[in-house]
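Sequential numbering of the sequence shown, starting at 1310, is according to my numbering. Report on the following structure.
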Amino acid sequence: MQNIDMGADAIECFLQLFLHGPTWDGNIVSKAGRAELFRREYAARENVWTYLTKAGMQVALGIGLDAEKEKWERKRRRAA
1310 MQNIDMGADA IECFLQLFLH GPTWDGNIVS KAGRAELFRR EYAARENVWT YLTKAGMQVA
1370 LGIGLDAEKE KWERKRRRAA
């Protein structure tokens, strides 16, 4: 994965939201990371669910996370 200018907590949260989709606030890996994503407008929250915004999705696709997600999905399917 390409380098992104975010703190480690924000990167972890960003990956969680991209790989797993909208996430209930109680399951967010880092509240501080989520706050950074909110400040950057890469994530938003609605009805206690946090999700990537259009800007966040553009960043994710721009750094090639779609390929990472494909690998993760293939691995998950093989394990099932």
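For each residue, glycine too, the CB sits at the ideal point set by N, CA and C.
Subject >> Span separating the alpha-carbon of THR1359 from that of ALA1388 >> reply: 27 Å
Original post:
Cα separation between GLY1365 and TRP1381?
Top reply: 19 Å
Original post:
Between PHE1327 and ASP1314, what straight-line distance do the alpha-carbon atoms span, to the nearest angstrom?
Top reply: 17 Å
**OP:** Can you say whether VAL1368 is buried or exposed, counting buried as having 16 or more other CB atoms within 10 angstroms of its CB?
**Re:** buried
Original post:
Taking DSSP as the reference, what is the three-state secondary structure of ALA1389?
Top reply: coil
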